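Structure, as structure tokens:
There are 2 protein chains.
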Amino acid sequence: MKSTGQGGSKRTDPKREDAKGGRHMASLRDVAERANVSIATVSRVLNQSDKVVPETRGTVEQALRDLGYRPSRVARRLRMKDGRAHLVGLIIPDIQNPFYAEIARGVEDAAYAARYALLLCNSDENLEKERFYLEVMRDESVDGIVLPPFNETDEAVIDLVNTGMPVVCVDRSLSKAKTDLVEVDNYGGALAAVNHLLDKGHTQIGLIEGRTQVSTSRERRRGYLDALAARGVTVRKELIRAGDFKQESGRVLMNELLDLKRPPSAVFVVNSLMTVGALAALHQRAVRVPQEMAVAGFDDIPWAEALDPPPTVVRQPAYEVGRQAMELLLKRIMEPSRPAVTVRLVPELVIRRST
Amino acid sequence: MKSTGQGGSKRTDPKREDAKGGRHMASLRDVAERANVSIATVSRVLNQSDKVVPETRGTVEQALRDLGYRPSRVARRLRMKDGRAHLVGLIIPDIQNPFYAEIARGVEDAAYAARYALLLCNSDENLEKERFYLEVMRDESVDGIVLPPFNETDEAVIDLVNTGMPVVCVDRSLSKAKTDLVEVDNYGGALAAVNHLLDKGHTQIGLIEGRTQVSTSRERRRGYLDALAARGVTVRKELIRAGDFKQESGRVLMNELLDLKRPPSAVFVVNSLMTVGALAALHQRAVRVPQEMAVAGFDDIPWAEALDPPPTVVRQPAYEVGRQAMELLLKRIMEPSRPAVTVRLVPELVIRRST
DNA sequence: GAGCCGCATGTAAACGTTTTCAGGTCCCCC
DNA sequence: GGGGGACCTGAAAACGTTTACATGCGGCTC
Numbered sequence: 076m077k078s079t080g081q082g083g084s085k086r087t088d089p090k091r092e093d094a095k096g097g098r099h100m101a102s103l104r105d106v107a108e109r110a111n112v113s114i115a116t117v118s119r120v121l122n123q124s125d126k127v128v129p130e131t132r133g134t135v136e137q138a139l140r141d142l143g144y145r146p147s148r149v150a151r152r153l154r155m156k157d158g159r160a161h162l163v164g165l166i167i168p169d170i171q172n173p174f175y176a177e178i179a180r181g182v183e184d185a186a187y188a189a190r191y192a193l194l195l196c197n198s199d200e201n202l203e204k205e206r207f208y209l210e211v212m213r214d215e216s217v218d219g220i221v222l223p224p225f226n227e228t229d230e231a232v233i234d235l236v237n238t239g240m241p242v243v244c245v246d247r248s249l250s251k252a253k254t255d256l257v258e259v260d261n262y263g264g265a266l267a268a269v270n271h272l273l274d275k276g277h278t279q280i281g282l283i284e285g286r287t288q289v290s291t292s293r294e295r296r297r298g299y300l301d302a303l304a305a306r307g308v309t310v311r312k313e314l315i316r317a318g319d320f321k322q323e324s325g326r327v328l329m330n331e332l333l334d335l336k337r338p339p340s341a342v343f344v345v346n347s348l349m350t351v352g353a354l355a356a357l358h359q360r361a362v363r364v365p366q367e368m369a370v371a372g373f374d375d376i377p378w379a380e381a382l383d384p385p386p387t388v389v390r391q392p393a394y395e396v397g398r399q400a401m402e403l404l405l406k407r408i409m410e411p412s413r414p415a416v417t418v419r420l421v422p423e424l425v426i427r428r429s430t
Numbered sequence: 076m077k078s079t080g081q082g083g084s085k086r087t088d089p090k091r092e093d094a095k096g097g098r099h100m101a102s103l104r105d106v107a108e109r110a111n112v113s114i115a116t117v118s119r120v121l122n123q124s125d126k127v128v129p130e131t132r133g134t135v136e137q138a139l140r141d142l143g144y145r146p147s148r149v150a151r152r153l154r155m156k157d158g159r160a161h162l163v164g165l166i167i168p169d170i171q172n173p174f175y176a177e178i179a180r181g182v183e184d185a186a187y188a189a190r191y192a193l194l195l196c197n198s199d200e201n202l203e204k205e206r207f208y209l210e211v212m213r214d215e216s217v218d219g220i221v222l223p224p225f226n227e228t229d230e231a232v233i234d235l236v237n238t239g240m241p242v243v244c245v246d247r248s249l250s251k252a253k254t255d256l257v258e259v260d261n262y263g264g265a266l267a268a269v270n271h272l273l274d275k276g277h278t279q280i281g282l283i284e285g286r287t288q289v290s291t292s293r294e295r296r297r298g299y300l301d302a303l304a305a306r307g308v309t310v311r312k313e314l315i316r317a318g319d320f321k322q323e324s325g326r327v328l329m330n331e332l333l334d335l336k337r338p339p340s341a342v343f344v345v346n347s348l349m350t351v352g353a354l355a356a357l358h359q360r361a362v363r364v365p366q367e368m369a370v371a372g373f374d375d376i377p378w379a380e381a382l383d384p385p386p387t388v389v390r391q392p393a394y395e396v397g398r399q400a401m402e403l404l405l406k407r408i409m410e411p412s413r414p415a416v417t418v419r420l421v422p423e424l425v426i427r428r429s430t
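For the record, the sequence lines run as chains A and B. Under my numbering, the first sequence has 136 at position 61, and the numbering climbs by one with no breaks. Under my numbering, the second sequence has 428 at position 353, and the numbering climbs by one with no breaks.
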């Protein structure tokens, strides 16, 4: 026993039970009392500080075990400055979109590997919801955020970046701020897909795109246009239809194309949900794929092989996008002033039976 | 101007910028200084307390706007006792499983409606990961947790419940603790699906089930067995195969069934991912569905109509499960001692072309 | 043997809130 | 004109940490 001037426990409060009826969680103070040391010492053994002599350390560790002590992340976060909350945010448009679900898995796995927890939110392609969640994240003092910005000029995100919050963009980019970015070569992917359709002899090729303020949709449109131009195919504006990335809108737009006086013989759809919607429309009207209408889409889906017919798609390495984004975020948290990098991954054209 | 004894700002710290280079976030103290009131008063106007005279309130509100004040959820959570963090946890096995994705959306929407944020984690059907995330949630002092327990005797969850943490189970139940529970009539659903197969004249019906410690899988098996028994069909044990709920395992088990000397003519699969896997195996071996093998599954998926063939399934109201679970959780947070209730929703047999 | 240094530990401030309690002002009434 | 509410507001404690600084002790050096 150390013979410090410890004058016995100064607080023997009998009411250490909370309202819920459960036992109160042990705090640093409880541990310190039991080990007859100060809370500073306990904190030191917790933080692996080498400044504590083995004997004391032993006593404290015993007390920690006895009380089943767990540090409060909340208190810790309040006290420390940035970068040690071990909590990061992820905002995605829609978790039911397999592409984002896969990104989310990539992010989560990388986060878990570093023992970070994830605050995951769906913005629903809804600016107000995105703003709400961004505020929550700031107010929670997360260490950083991964997200596909709503559009290129997303103010809420830019403000947050200017605040110094580490942010990594995925999938979509931001024009007015230099953040880390993990993206896919959307232009090249679209080019490959449309070239494939052209190779199959199609010239009347429709385009079902998403919200046009989003960089990915625009890049893919650019790929579509350039592919046609390179072969001297003139584009018919009526064959280009813009939706909102959701399944229903793929269905509706496919129907619009079918109702045209001169419908296309092939269509390129810029994401998976709308591709599925388009396929559904074709089924419903008993249009044979690919004989009467060839379909190529962006984004692969896990059960593509079970679809009718299995669609030709530009496969994005979504898991990898998420994983690398999280790793960039961790690096930025460690070193906030590091220059921003952008990682561009290459997609792959997977040819199946819909073309 | 009130003529209080305010003696000027007592702290004019010039270094109010943080390490990241961004401007420091305004705190209660900053607002109080600017409005020439105490932090208590500011806190009172924030919390809508009526105890503050309109004139003061006006000044304070102006200062709040000027500084763009946002309260720190962290500090708030540290100070307050339970139930006001406006943060809840959701742990699901796999966000890439459409069933859980739909539950997650239900939970999220209900949470967002009540302005709660969601800490969402994937346990990956992995006990260690589940335990890690449960600890994070406790340490973050979330207000409550929604989850499908790993199995019926999930100790980590039971411990947390005994601690007084509000917990609502979804999908799967817990045998040793009385928590709120939102589930689906798994037995009835399975009964309906298997009866449907029997009605179609099948007697050799395979079962592809999941982990057998999970209540849902067991209930569905019970439905399968009882349906067969009620028609006097003897069960062949070799037709019953247990997997792990994942797509790959559906593929493998379907292949095992096909390799049998006397393969079944129909199969009932207990979740959607394994159903898709089974379908893939059938495609690969060019087995015609439903002519050579009828397939009925549990769980619907959004793009079922685009599958080949569109599968007959027992549709669970997953969104509703999530929504109601979150609502139960909110109620429990408000009133922790309320007796536990269990809500049982009824699934629906959707007959498509795989049977 | 006095001063000094180093080392292990304790003390207390700080993080940003909420909330209890006390104080101060104003008004009313006897 | 003083007693007493009613009503606002301020001071300060508390939540559970981390950490800069103070303290005390032992051993070393001259």
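Where is the CB? At the ideal position from N, CA and C, for every residue including glycine. No experiment lies behind these values; they were computed from the predicted model shown.
- Message: Please identify the residue among B:Q399, B:M349 and B:R316 whose C-alpha is closest to the C-alpha of E331 of chain B.
- Response: For E331 of chain B, the nearest C-alpha among the options comes from B:R316.
- Query: Are the beta-carbon atoms of V211 of chain A and L193 of chain A separated by less than 8 Å?
  - Reply: Taking 8 Å as the Cβ cut-off, V211 of chain A and L193 of chain A do not qualify as a contacting pair.
- Query: Hey, out of A:F373, A:P386 and A:L420, whose CA is closest to E395 of chain A's CA?
  - Reply: If we check each option's Cα against that of E395 of chain A, A:L420 comes out closest.
- Under the three-state reduction of DSSP, which class applies to V217 of chain B: helix, strand or coil? Note: V217 of chain B maps to coil in three-state DSSP.
- Below 9 Å between beta carbons is the criterion; list the residues of the segment 241-274 of chain B that meet it against any residue of chain A, in chain order. Flagged, chain order: P241.
- Item | Contacts around K251 of chain A, its chain only, beta-carbon distance under 7 Å, and the 5 residues preceding and following it disregarded | The answer, listed in chain order, is T228 and I233.
- Let me know the beta strand (DSSP E) ranges lying completely inside the segment 304-366 of chain B, each 3 residues or longer, listed in chain order. Counting only runs of 3+ residues, the beta strand (DSSP E) found wholly inside the segment 304-366 of chain B occupies 315-317 and 341-344, in chain order.
- Message: Are the CB atoms of H277 of chain A and A355 of chain A within a distance shorter than 8 Å?
- Response: Going by C-beta atoms, A355 of chain A is not nearer than 8 Å to H277 of chain A.
- Query: For the alpha helix (DSSP H) that I178 of chain B lies in, which residues bound it at each end?
  - Reply: According to the DSSP assignment, I178 of chain B belongs to the alpha helix (DSSP H) that extends over P173 to A188.
- Return the chain-ordered list of same chain residues with a C-beta closer than 6 Å to the C-beta of L403 of chain A, the five sequence neighbours on each side being excluded. Excluding positions up to five away in sequence, the list reads V243 and D255.
- Using a Cβ cut-off of 8 Å (strictly closer), state whether P365 of chain B contacts chain A. No, its Cβ sits nowhere closer than 8 Å to a Cβ of chain A.
- Message: Under DSSP, the alpha helix (DSSP H) around V259 of chain B begins and ends at which residues?
- Response: Under the DSSP assignment, V259 of chain B falls outside any alpha helix (DSSP H), being part of the beta strand (DSSP E) whose first and last residues are D255 to V259.
- Item | For R433 of chain A, three-class secondary structure by DSSP | Coverage of chain A is limited to positions 76 through 430, which leaves residue 433 of chain A absent and any answer about it impossible.
- For D141 of chain B, does the count of other Cβ atoms within 10 angstroms reach 16, so buried, or fall short, so exposed? Result: exposed.
- Task: Determine, using beta carbons only, whether R145 of chain B comes closer than 8 Å to chain A.
- Result: For R145 of chain B, the answer is yes, since a Cβ of chain A falls inside 8 Å of its Cβ.
- Which listed residue (B:K156, B:M155, B:A150 and B:D301) has its alpha carbon closest to that of M155 of chain A: Nearest option by C-alpha distance: B:A150.
- Item | Three-state secondary structure assigned by DSSP to T116 of chain A | Helix at T116 of chain A.
- Task: Output, in sequence order along the chain, the residues in the segment 291-325 of chain A whose CB is closer than 9 Å to any CB in chain B.
- Result: Correct list: Q322.
- Reduced DSSP category for F207 of chain A - H, G, I as helix; E, B as strand; rest coil: Looking at F207 of chain A - three-state DSSP - the assignment turns out to be helix.
- Task: Report yes or no: is there a C-beta of chain B within less than 8 Å of the C-beta of V211 of chain A?
- Result: True, the Cβ-Cβ gap to chain B drops below 8 Å.
- Message: For chain A, check one thing: does any of its Cβ atoms lie closer than 8 Å to the Cβ of K204 of chain B?
- Response: Yes, K204 of chain B lies at the interface with chain A (some Cβ there is under 8 Å from its Cβ).
- Task: Indicate the three-state DSSP secondary structure (helix, strand or coil) for V418 of chain B in the structure shown.
- Result: Correct three-state label for V418 of chain B: strand.
- Taking 8 Å as the cut-off, decide whether the C-beta atoms of L195 of chain B and L165 of chain B are in contact. A distance below 8 Å separates the beta carbons of L195 of chain B and L165 of chain B.
- Item | Stretch pair the segment 176-190 of chain B + the segment 100-118 of chain A: three plus CB contacts closer than 8 Å | Contact between the segment 176-190 of chain B and the segment 100-118 of chain A is absent, with fewer than three C-beta pairs closer than 8 Å.
- Message: Could you give the first and the last residue of the continuous beta strand (DSSP E) run that contains T387 of chain B?
- Response: In the DSSP assignment, T387 of chain B falls within the unbroken beta strand (DSSP E) covering T387 to R390.
- Identified DSSP bridge partners for I283 of chain A: DSSP output for I283 of chain A lists A:R316 and A:V344 as bridge partner(s).
- Determine, using beta carbons only, whether M401 of chain A and A186 of chain A come nearer to each other than 8 Å. Closer than 8 Å, so yes.
- Query: P377 of chain A CB to nearest chain B CB: under 8 Å?
  - Reply: With a threshold of 8 Å between beta carbons, P377 of chain A makes contact with chain B.
- Message: Is there a Cβ of chain B sitting closer than 8 Å to that of A101 of chain A, yes or no?
- Response: For A101 of chain A, no Cβ of chain B is located within less than 8 Å of the residue's own Cβ.
- By Cβ distance, which residues of its chain are closer than 7 Å to L139 of chain B, with the 5 residues on each side in sequence left out? Non-local C-beta neighbours of L139 of chain B in its own chain, meaning closer than 7 Å and more than five positions away in sequence, comprise V106, ordered along the chain.
- Message: Using beta carbons (cut-off 8 Å, strictly below), is I170 of chain A in contact with chain B?
- Response: Yes, I170 of chain A lies at the interface with chain B (some Cβ there is under 8 Å from its Cβ).
- Message: Quick check on the DSSP output: the alpha helix (DSSP H) that includes A252 of chain B runs from which residue to which?
- Response: Element bounds for A252 of chain B: n/a, residue is neither H nor E.
- Message: Could you compute how far the alpha carbon of N270 of chain B sits from the alpha carbon of M349 of chain A?
- Response: Rounded to whole angstroms, N270 of chain B to M349 of chain A spans 36 Å at the Cα level.
- DSSP beta-bridge partners of G164 of chain A: Under DSSP, G164 of chain A takes part in a beta bridge, and its partners are A:L194 and A:I220.
- List the DSSP bridge partners of A371 of chain B. Beta-bridge partners of A371 of chain B (DSSP): B:F343 and B:T387.
- For D383 of chain A, go through chain B and note every residue whose CB falls closer than 9 Å to its CB, in chain order. The answer, in chain order, is A381, L382, D383, P384 and P385.
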